[in-house]
Amino acid sequence: MTTVTVQVDNEQNAALLEKMLKALSFVETVNVDHSFLVEEPKGSYQKLKQAIDKADGQDVLTHINDPSKWQKDIRDEW
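No gaps in the numbering here: position 44 of the sequence shown is 44 in UniProt numbering, and each next residue is one more.
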């Protein structure tokens with residue numbers, strides 16, 4: 001028997017590879033070790049989603065009385 005160790009770039013690809021390996025008739029066992037998982041680098045979308053999820057239920061931007069004026073003032077800063 002020969003053992004092969006593989007590292008993949010993210011958990012989704014790891015799950016796909018595991019499924020593919022289990023489908024092969026000559027592969028006896030597939031062991032997945034999640035202890036080496038490092039948090040994946042997140043793109044802008046994931047960072048924004050995480051920030052929104054973290055702020056969920058909090059009173060965010062409630063101090064803005066006039067949203068149109070606030071937006072105009074923000075744009076003037078550019």
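Using N, Cα and C, we set each Cβ at its ideal position, and we do this for glycine too.
Residue nearest to residue i in terms of C-alpha spacing, selected from the options
| i | options | result |
| --- | --- | --- |
| Val8 | Gln46, Asp33, Gln58, Asn65 | Asp33 |
| Phe26 | Ser68, Thr3, Ile52, Thr62 | Thr3 |
Whole-number beta carbon distance between residue j and residue i, since they are thought to touch under 8 Å
| i | j | result |
| --- | --- | --- |
| Leu16 | Val30 | In fact, because the Cβ distance is near 12 Å, the residues do not count as touching under 8 Å. |
| Glu28 | Met1 | 7 Å |
- Please go through the region 9-59 and give each complete alpha helix (DSSP H) segment of 4 or more residues, from N-terminal end onward. Complete alpha helix (DSSP H) runs here, min 4: 11-23, 44-55.
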